[in-house]
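Trainee: Residue numbers (my numbering): 96 to 479.
Glycine residues also receive a C-beta, built at the ideal position from the N, C-alpha and C atoms.
Computed from a predicted structure; not experimentally measured.
1) Quick check: the Cα distance between residue 230 and residue 191, rounded to an integer number of angstroms?
2) Report the partner residues of residue 407 according to the DSSP bridge assignment.
3) Can you tell me whether residue 141 is buried or exposed, with buried defined as 16 or more other CB within 10 angstroms of its CB?
4) In chain order, what residues of the same chain lie with their CB nearer than 6 Å to the CB of residue 375, ignoring the 5 residues before and after it?
5) Please name the residue or residues paired with residue 443 in a DSSP beta bridge.
6) Using only the alpha-carbon positions, how far apart do residue 137 and residue 236 sit?
7) Out of curiosity, what's the CA-to-CA distance linking residue 170 and residue 433?
8) Determine the DSSP secondary structure at residue 132, reduced to helix, strand or coil.
9) Can you list, in chain order, the residues of its chain with a C-beta nearer than 6 Å to that of residue 366? Leave out the 5 residues immediately preceding and following it.
10) Near residue 269, what residues of its chain come up, given a Cβ to Cβ distance below 6 Å and the 5 sequence neighbours on each side ignored?
11) Does residue 179 pass the burial test, meaning 16 or more other C-beta atoms within 10 Å, or should it be called exposed?
12) Sort out for me which residues DSSP pairs residue 174 with in a bridge.
13) Once the 5 residues before and after residue 221 are set aside, which same chain residues still bring their CB inside 6 Å of it?
14) Using the beta-carbon count (16 or more within 10 Å), is residue 99 buried or exposed?
15) Under the DSSP definition of a beta bridge, which residues are partnered with residue 326?
16) With 16 as the cutoff for other CB atoms within 10 Å, does residue 212 come out buried or exposed?
17) To the nearest angstrom, how far is the alpha carbon of residue 130 from that of residue 249?
18) Does any residue of chain C bring its CB to less than 7 Å from the CB of residue 272?
19) With a Cβ-Cβ cutoff of 7 Å, do residue 474 and residue 438 count as a contact?
20) Which of the three DSSP states, helix, strand or coil, is assigned to residue 160?
21) So what's residue 365 in DSSP terms, helix, strand or just coil?
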């Protein structure tokens, strides 16, 4: 099939920043795109050939959107999988396949998948409703503290809460959920695995993630991770095992914990381009967005090695600011060497909303980390 400068049409469900960065690559190759998002202000709107406003969770809307594309992909998991399944049965190529999406969409199902396939993960208990947790604690079935996770519709620190005392349960929605044992970990790591329609597989280097203590969002992504080669090898092997059993097509980002004993435990996976791979735009030979496009179109996968050390800093809305966004001191960070800001195109900021990211590249990792700290302290996402 001819993808370039042709009638071929790629559909993308979700019009956020991941879609927008994917569109940089489709424009580079002159691939026609059609995007759907619920918001008329979606970042993707300016860069696709055709934009449709509609609910990603509505069966008819998703089905009608997908009928006239050749390949359909996602940039967010919260989509109507029943509609995708019908499209798949009717011959539309859907990547990641709906089977992969169903497994990943529900965190309880995802965790069971890991235990069923002997993939190391933190011990957990599944509950139909949050209200059942109290009885379980009182009966000695569960002990505090633990991590509560909503089974569905959680993302970017939403739907995740550390429960340290009984009162913490009161604030939580009464939904299907899991209670996961808290892991005393040394590092949070991630590996992005690419798999194309022909079964070719490549992994990106292991990255290390530093988290914001309150917001439960990544503050820094560091590539390569500052860990022993033996630990990195183990992380790559675990990620490949997840990929092999998931049978995804496209990218799979596998987030993991490195325990104090250097064990690797899978936290969760995402079947799409991911925050942990943003550094690759400046630091890798083939960035994750180009790789995702290559994979879903069955093209040969690109080289995943890094050219230089890369650190990514998330730009999130500062606390206490809501409204028209202002990137304070952006000129100052542009004066720093090896610093590239990416602004996602969201006009309204609110506390902890992902508004952009900044990549810092340098041959020297320690220097890159110093500059990343300066960037973090300099640029502020505020409102007018």
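Mentor: A quick look at the data gives this:
1) If I take the Cα positions, the gap works out to 38 Å.
2) Answer is 316, 454.
3) Exposed, since its Cβ has fewer than 16 Cβ neighbours within 10 Å.
4) Around residue 375: 382, 383.
5) Note: residue 443 sits in a beta bridge opposite 419.
6) Going by the C-alpha atoms only, they are around 45 Å apart.
7) Each residue's Cα considered, the two are about 28 Å apart.
8) In the structure shown, residue 132 sits in a strand (DSSP, three-state: E or B).
9) Answer for residue 366: 191, 195, 199, 343, 347, listed in chain order.
10) Cβ neighbours of residue 269 within its own chain (closer than 6 Å, five residues either side excluded): 224, 225, 226.
11) The residue in question, residue 179, is buried, as its Cβ has 16 or more Cβ neighbours within 10 Å.
12) Residue 174 is not bridged to any residue.
13) So the list reads 203, 273, once near-sequence residues are dropped.
14) Flag for residue 99 reads exposed.
15) Note: residue 326 is not bridge-paired with any residue in the DSSP secondary-structure output.
16) Residue 212 comes out exposed.
17) For residue 130 and residue 249, the gap between their C-alpha atoms comes out near 22 Å.
18) No chain C appears in the structure shown, which is made up of a single protein chain.
19) Taking 7 Å as the Cβ cut-off, residue 474 and residue 438 do not qualify as a contacting pair.
20) Helix at residue 160.
21) Annotated three-state conformation of residue 365 is strand, per DSSP.
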